[in-house]
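Report on the following structure.
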Amino acid sequence: MNNNVPKLRFKEFSDEWEEKKLGSIGEFFKGSGISKSDLSESGKECILYGELYTTYGEVITSIRSKTDISLKNAVLSKINDVIIPSSGETAVDIATASCVMKDNVLLGGDLNVFRPNKDNGLFISYQLNNAKKKEIAKIAQGASVVHIYNEQLKKVKVDTPSLQEQEKIANFFSILDELIEEQEGKVKDLELYKKGMMQKIFKQEIRFKDDNGLDYPEWEEKKITEIFNITRGQVIAKTSISPIKIDRSIYPVYSSQTSNYGILGYDSSYDFDGEFLTWTTDGANAGKVFKRNGKFRCTNVCGLLVEKDITKGFANEFIKEILEKETPKHVSYIGNPKLMNGVIGDIKIRIPLLEEQRKIADFLSNIDKIVEEEKKNLADLREMKKSLLQQMFV
Numbered sequence: 039m040n041n042n043v044p045k046l047r048f049k050e051f052s053d054e055w056e057e058k059k060l061g062s063i064g065e066f067f068k069g070s071g072i073s074k075s076d077l078s079e080s081g082k083e084c085i086l087y088g089e090l091y092t093t094y095g096e097v098i099t100s101i102r103s104k105t106d107i108s109l110k111n112a113v114l115s116k117i118n119d120v121i122i123p124s125s126g127e128t129a130v131d132i133a134t135a136s137c138v139m140k141d142n143v144l145l146g147g148d149l150n151v152f153r154p155n156k157d158n159g160l161f162i163s164y165q166l167n168n169a170k171k172k173e174i175a176k177i178a179q180g181a182s183v184v185h186i187y188n189e190q191l192k193k194v195k196v197d198t199p200s201l202q203e204q205e206k207i208a209n210f211f212s213i214l215d216e217l218i219e220e221q222e223g224k225v226k227d228l229e230l231y232k233k234g235m236m237q238k239i240f241k242q243e244i245r246f247k248d249d250n251g252l253d254y255p256e257w258e259e260k261k262i263t264e265i266f267n268i269t270r271g272q273v274i275a276k277t278s279i280s281p282i283k284i285d286r287s288i289y290p291v292y293s294s295q296t297s298n299y300g301i302l303g304y305d306s307s308y309d310f311d312g313e314f315l316t317w318t319t320d321g322a323n324a325g326k327v328f329k330r331n332g333k334f335r336c337t338n339v340c341g342l343l344v345e346k347d348i349t350k351g352f353a354n355e356f357i358k359e360i361l362e363k364e365t366p367k368h369v370s371y372i373g374n375p376k377l378m379n380g381v382i383g384d385i386k387i388r389i390p391l392l393e394e395q396r397k398i399a400d401f402l403s404n405i406d407k408i409v410e411e412e413k414k415n416l417a418d419l420r421e422m423k424k425s426l427l428q429q430m431f432v
């Protein structure tokens with residue numbers, strides 16, 4: 039039985055993979071200095087090391103940046119080059135590789151360049167980014183700024199099958215990456231569509247009709263305190279709640295964070311039940327507004343808007359969206375960013391008749407449902423890629 043083989047592979051291949059040091063299958067060299075200040079609208083295509091963190095994945099087919107500076111010792115790419123940053127903030131960050139699929143791209147300083155003799159650079163890139171990521175992270179040096187050098191990278195061991203199998207694996211993941219990129223574009227387009235429609239609704243360029251086809255009355259200006267009572271949560275120790283839903287801990291606890299819809303964890307009891315709006319009172323996300331449904335708790339850095347008359351249904355998606363356009367204007371940045379109860383209470387918003395609000399809220403909610411569905415499809419594709427990378431490499 040072969041040990042050095044992946045769990046999952048194309049059926050026409052069965053030979054064992056060979057373990058080799060990168061230094062034995064290609065040459066290493068450094069890029070040449072280009073800084074952000076050297077970038078221009080036109081000129082020669084170039085790649086800066088920071089773009090490996092922010093812009094590019096395992097494969098680079100189109101180049102974002104250009105420069106018109108003249109470099110005497112310019113380093114130009116060849117198709118199949120693998121580039122790795124030589125400095126970064128953390129060891130995990132620096133363990134990043136991209137394969138350049140274009141000739142004659144200027145490769146900036148702080149880039150380690152690996153040029154394979156015959157192996158598929160894209161295959162190597164996928165392997166370094168995933169199966170070998172921890173190994174690369176271990177050899178990174180430094181504290182506040184982490185470095186990795188070509189001499190260290192030469193000693194990194196990779197597992198290589200035949201060139202034919204490398205190419206088939208690389209092509210497979212390239213296609214999967216294209217699907218992921220298309221899905222990312224779909225999500226972005228839907229979010230832009232919602233943003234555009236919201237702007238038109240708020241400017242009243244788009245108005246809904248009543249059931250008889252007639253116009254609704256003009257929007258009225260109201261202070262938040264006219265329609266909501268304002269309160270906030272209480273101090274809740276993170277150690278006293280569960281990070282996941284388990285046993286009796288089924289009620290979400292909302293905090294100042296915005297990731298995961300602001301959920302800090304789960305508790306076995308709840309303080310609120312119904313439809314509410316919450317906002318982040320303190321910290322970097324001060325002013326962020328959420329619509330909340332059902333039973334939940336919230337911390338002391340989570341403000342709560344409670345309807346004065348629950349029959350009005352003001353705690354809806356539309357009010358949430360229109361309020362969130364206003365809150366950033368009222369956040370105080372003296373010291374720690376904050377948006378206190380008294381300040382949010384004085385915010386004035388223009389709102390339509392409740393019936394029109396509900397139509398607008400339903401319209402926006404339907405868009406949100408589509409966006410969330412497409413985001414789930416994107417997450418599923420990313421999870422599929424992660425799983426396949428684990429199974430198709432040694």
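Residues 39 to 432 (this note's numbering) make up the sequence shown, in order. Using N, Cα and C, we set each Cβ at its ideal position, and we do this for glycine too.
Apart from sequence neighbours up to five positions away, the residues of its chain that approach Arg153 with a beta-carbon distance below 6 Å are Gly64, Glu65 and Asp119, ordered along the chain. Ala353 and Leu217 have their C-alpha atoms roughly 38 Å apart. Per DSSP, Val130 is not a residue of any beta strand (DSSP E); the alpha helix (DSSP H) it occupies stretches across Ala129 to Ile132.
Relative to Arg270, the option among Lys363, Arg335 and Lys224 whose CA is nearest is Arg335. At a Cβ-Cβ threshold of 7 Å, Leu426 and Gln221 do not count as neighbours.
Excluding five sequence positions before and after Thr263, the CB atoms of its chain that fall closer than 6 Å to its own CB belong to Gly383, given in chain order. The bridge partners DSSP lists for Val291 are Gly303 and Arg335. Segment contact: the region 114-132 against the region 178-194, three or more CB-CB distances shorter than 8 Å; contact assigned. Taking 8 Å as the upper bound for CB-CB distance, Leu228 and Ile408 are in contact here, some 6 Å apart. Linking Asp106 to Ser62 through their CA atoms gives a straight-line distance of about 36 Å. Counting the other CB atoms within 10 Å of its CB gives Thr318 a total of 16 or more, which places it among the buried residues. In the DSSP secondary-structure assignment, Lys82 is bridged to Thr105.
For Leu86, the number of other beta carbons within 10 angstroms of its own is at least 16, and it is reported as buried. By the C-beta density criterion, Asp305 is buried, having at least 16 other C-beta atoms within 10 angstroms. Rounded to whole angstroms, the gap between the alpha carbons of Phe431 and Lys233 is 41 Å. DSSP, read as helix, strand or coil, puts Asn118 in coil.
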